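Since the structure comes first, as structure tokens, the remarks are kept for the end.
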Amino acid sequence: MGRAGYGELVTHTISDPASDPAGDPSEREFGQAGIALSTYRFPTGWFIVAFGSDLAAGAVKRAHYFGEELVIFRTESGQVHVMDAYCQHLGANLGVGGTVEGDNIVCPWHGWRWRGDGTNALIPYSKIGCKNNVRIRTYPTVEWYGFILAWHERHGRAPYWQPPVLPELETNEYYPLHPHTQMLNRVKVHPQMIIENAADPYHVQYVHKAANPATTASFEVSGYHLHATVNAHFGGGRASTWLTPNGPVDAKIIYDNYSLGLGVVRFPSELVATVQVTGQTPVDEDYTDYFYTQASVREPGDTGDVPTGRAAKFLALQQEVIKQDFFTWENMKYLEKPNLAPEEAHDYAALRRWAHRFYPGTEASPSDFGYTAAGEPDPAAAKA
Numbered sequence: 167m168g169r170a171g172y173g174e175l176v177t178h179t180i181s182d183p184a185s186d187p188a189g190d191p192s193e194r195e196f197g198q199a200g201i202a203l204s205t206y207r208f209p210t211g212w213f214i215v216a217f218g219s220d221l222a223a224g225a226v227k228r229a230h231y232f233g234e235e236l237v238i239f240r241t242e243s244g245q246v247h248v249m250d251a252y253c254q255h256l257g258a259n260l261g262v263g264g265t266v267e268g269d270n271i272v273c274p275w276h277g278w279r280w281r282g283d284g285t286n287a288l289i290p291y292s293k294i295g296c297k298n299n300v301r302i303r304t305y306p307t308v309e310w311y312g313f314i315l316a317w318h319e320r321h322g323r324a325p326y327w328q329p330p331v332l333p334e335l336e337t338n339e340y341y342p343l344h345p346h347t348q349m350l351n352r353v354k355v356h357p358q359m360i361i362e363n364a365a366d367p368y369h370v371q372y373v374h375k376a377a378n379p380a381t382t383a384s385f386e387v388s389g390y391h392l393h394a395t396v397n398a399h400f401g402g403g404r405a406s407t408w409l410t411p412n413g414p415v416d417a418k419i420i421y422d423n424y425s426l427g428l429g430v431v432r433f434p435s436e437l438v439a440t441v442q443v444t445g446q447t448p449v450d451e452d453y454t455d456y457f458y459t460q461a462s463v464r465e466p467g468d469t470g471d472v473p474t475g476r477a478a479k480f481l482a483l484q485q486e487v488i489k490q491d492f493f494t495w496e497n498m499k500y501l502e503k504p505n506l507a508p509e510e511a512h513d514y515a516a517l518r519r520w521a522h523r524f525y526p527g528t529e530a531s532p533s534d535f536g537y538t539a540a541g542e543p544d545p546a547a548a549k550a
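Count along the sequence shown starting at 1, add 166, and that's the number in our numbering.
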């Protein structure tokens, strides 16, 4: 011991890995300059902009995403469209007082009608009928398992990949994904910070109060897809809990992220087989809308739509667990060169390098990921 009540003073020489830059995992994986966060906040990809149930036929919804004022509307025939909100006549906001007539959205100011592809359909008081040389910017839109998705790409290029099929939701073996576990939270965080959870199993023991540490089993990035598996221990050494009635369970949790906008997390049948769907959609320079819902396998013999038993309890637990991350996200600072332990440095760096492909520059470039030199979707990227 050193002075009374104090431990030994610990020092490092240049040959120690703890002080030698060549042996430091952050130095090795991030390089001298680190990996900067893109100055352009709005990445390329499919993003959730609404729950499908929010929009009945003929409804109009105001929205603000990607730093832009948007309008979402469903035609009388049921087709959903997303476009810039401002009428190209005099700039009225179509999301405020706009209405739907047939397949068109109608401006509340002068009645100009606009088609879902952004073209002008009618000027009701003009002898010219419509103007063919004006157009409102639109966003490719699909409905996907009860979500409305919009494709965002800085230069307006077409999607180079499509949202994934979720096999669990293609059968009746799971409870419906909506509406019993739907959540939407506006969080002061960059969407990429949410995705970085996939490279960080070590926070589980501290933020989520797990009794045992979780560890990464695999971590891969390819094309627009990130796939990771995490080994986690449930039951905390107790003989029986409501979640682990037969004793502690070692479970593999699977993370799949598609670009930076869509996330899918799967819990195995050793617990309660569950698929979680998340969407992290940038609102503006500061905030992200975090969409969340989940579905669990049905309890034996249950044919209803409302989760019951262990399934209901597990879904409620996970809703609370995800909120535990918010305080960190809202109060953190992005470090271009974080100081990481050997166990975490590689995956963090791989994720950040992968994320950079979704931030094109101020001008479209032949080297932009996902597109050919002509600006068309790259078939090779679609298969990644």
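The C-beta atom is built at its ideal place from N, Cα and C for all residues, glycine as well. Model, not experiment: these values are computed from the prediction.
Around the CB of residue 412, fewer than 16 other CB atoms lie within 10 Å, so the residue is classed as exposed.
Beta-bridge annotation (DSSP): residue 229 is paired with 236. Nearest neighbour of residue 357 by Cα position, chosen from 542, 290, 521, turns out to be 521. When only Cα atoms are considered, residue 280 and residue 242 end up about 14 angstroms apart. In the DSSP annotation of this structure, the continuous segment of the alpha helix (DSSP H) that includes residue 193 starts and ends at 191 to 196.
Residue pairing by DSSP places residue 418 opposite 397 in a beta bridge. In this structure, the alpha-carbon of residue 286 lies about 49 angstroms from that of residue 477. Going by DSSP, residue 494 is part of the alpha helix (DSSP H) stretching over 492 to 497.
For residue 395, the closest alpha carbon among the candidates 519, 432, 360, 371 is that of 432.
For residue 247, the enclosing beta strand (DSSP E) starts and ends at 246 to 250. According to the DSSP secondary-structure assignment, residue 388 is paired through a beta bridge with 391. Checking the DSSP bridge columns, you'll see residue 286 partnered with 280. Per DSSP, the continuous alpha helix (DSSP H) segment holding residue 513 begins and ends at 508 to 521.
Inter-residue distance for residue 446 and residue 488 is about 13 angstroms (C-alpha atoms, whole angstroms). Going by beta carbons, residue 271 and residue 226 fall inside the 8 angstroms limit. Excluding the 5 residues flanking it on each side, residue 258 has same chain C-beta neighbours closer than 6 angstroms at 273, 275, in chain order. Judged by beta-carbon spacing, residue 506 lies within the 8 angstroms limit of residue 514, meaning their Cβ atoms are closer than that value.
Listed in chain order, the non-local C-beta contacts of residue 415 below 7 angstroms within the same chain comprise 400, 401, 436, 437, local neighbours out to five positions each way being set aside.
Looking at the DSSP output, residue 462 sits in a beta bridge with 440. Excluding sequence positions up to five before and after residue 534, its CB lies within less than 6 angstroms of the CB of 526, all in the same chain and listed in chain order. In this structure residue 219 is exposed. Its beta-carbon is surrounded by fewer than 16 other beta-carbon atoms within 10 angstroms. Counting along the chain, residue 475 sits inside the alpha helix (DSSP H) bounded by residues 475 to 489. By alpha-carbon distance to residue 206, the top candidate from 408, 319, 406, 545 is 319. Annotation for residue 444: 429, 458 place their beta carbon closer than 6 angstroms to its own, counting only its chain and skipping 5 residues before and after.
For residue 317, the beta-bridge partners assigned by DSSP are 212. Note on geometry: alpha-carbon atoms of residue 490 and residue 441 lie some 19 angstroms from one another. For residue 448, the closest of 360, 493, 294, 343 by C-alpha to C-alpha distance is 360. With fewer than 16 neighbouring CB atoms inside 10 Å of its own CB, residue 469 falls in the exposed class. Straight-line measurement puts the Cα of residue 519 at about 14 angstroms from the Cα of residue 194. Nearest Cα to residue 362 within the set 312, 385, 336: 385. Each residue's CA atom was taken as its position, placing residue 422 and residue 236 some 28 angstroms apart. Here residue 484 is buried, its C-beta having at least 16 other C-beta atoms within 10 Å.
Annotated three-state conformation of residue 332 is coil, per DSSP. Within its own chain, the residues whose Cβ lies closer than 6 angstroms to the Cβ of residue 376, once the five positions on either side in sequence are excluded, are 370, listed in chain order.
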